[in-house]
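Some notes on the structure that comes next.
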Amino acid sequence: AIVDTLLAQSRAAVEVVVDPARFRPVDIPEVVCDATRFRAATGWQPTVSLDQTLRDILDDWRERVRSEAGDEVTR
1 AIVDTLLAQS RAAVEVVVDP ARFRPVDIPE VVCDATRFRA ATGWQPTVSL DQTLRDILDD
61 WRERVRSEAG DEVTR
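Just so it is clear: in the sequence shown, position 58 is 58 by the working numbering, and no numbers are missing.
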């Protein structure tokens, strides 16, 4: 799952807690995508892996937090 990949790359201890009260009866607990047919039909291939994309997003947010923390110090 995406959250597991992000947690594996995290430098912080994070606990994921699922609140059953927030789920509706029509919610699907897990959605899994398989792009095999799409790739076969179009010849498309990703140029950046999902893992790399998640690393890039996490690094971007780390930098944003660092920048924001630096702004707080200089105010």
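C-beta atoms are modelled at their ideal positions from N, C-alpha and C, and glycine is treated no differently.
Confirm, please, whether the CB-CB distance from leucine 54 to leucine 7 is below 8 Å. Cβ distance not < 8 Å, so leucine 7 and leucine 54 don't count as in contact.
From what residue to what residue does the alpha helix (DSSP H) around aspartate 4 run? Per DSSP, aspartate 4 belongs to the alpha helix (DSSP H) from 2–9.
Measuring CB to CB, does valine 3 end up less than 8 Å from valine 16? Contact flag set, yes.
Where does glutamine 45 fall in DSSP's three states? In the three-state DSSP reduction, glutamine 45 falls in the coil class, being neither helix nor strand.
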